[in-house]
C-alpha cells in the first residue's frame, strides 16, 4: 500500500479514473490550468500511471468512508464521510471518526446507536436493491458491514491496463 496520505480523490481524478458518485468535473486533471496540460506521455510515464492507478484504487477501496458507501448504507461518499466524522460508526467496537481510516480485512463496521437505524436516509437506502462488491458482507438486519478481503484486479476499475504493469 501507499504511504500517500493526501486527498486520494484528487489523485484519482489526476489519473483519469472515475470518481464514485461525485459531481462530474470533466475529464481534465485537477487544478486551475488542468485543461491546458495536454502532453504526450513516454512509455515509462504510461507504465507509471497504470501502477499509480492500481495503487490509489486499492488504497481508496479500503477506506472507512468508501466501504460504508459501497455497502449501500449511505448513497454518497459525502454522506459517508460526514457520518463517520460525526462519530456514528464503530470499527470492531471502537468509535472511529476519521473517514480516511484504513480498514483491514476481517474488521467489522457497525452503527454506534440503535436510533440511527431508524434514520430516514438509511431506511430509504436499504429499501433499494443495491449490489455491493463481493469483498464486503453486509447484514441488512443488524446493519453490520464486514470487510472480507482486498478486492481483486477484476473487481477494480476497468480503466486499468494490467499488461503495462506486468511487463
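Residue numbers (the UniProt record's numbering): 1 to 167. The C-beta atom is built at its ideal place from N, Cα and C for all residues, glycine as well.
Item, Value
"Three-pair Cβ contact test at 8 angstroms for the segment 61-70 versus the segment 110-119", "no"
"Residue 97 vs residue 108 beta-carbon contact at 8 angstroms", "no"
"When 123, 121, 64 are compared against residue 95, the one with the closest alpha-carbon", "64"
"Residue 162, DSSP secondary structure in three states", "helix"
"Straight-line gap, residue 129 to residue 73 (C-alpha atoms, nearest Å)", "11 angstroms"
"Inter-residue spacing [alpha-carbon to alpha-carbon] between residue 55 and residue 42", "20 angstroms"
"Check whether residue 61 and residue 160 have beta carbons under 8 angstroms apart", "no"
"Residues near residue 152 in its chain [Cβ-Cβ closer than 6 angstroms; skip 5 each side]", "none"
"With 16 other Cβ atoms within 10 Å as the buried cut-off, status of residue 86", "exposed"
"Rounded distance between the beta-carbons of residue 134 and residue 155, thought under 8 angstroms", "7 angstroms"
"For residue 40 and residue 126, the rounded distance between their alpha carbons", "46 angstroms"
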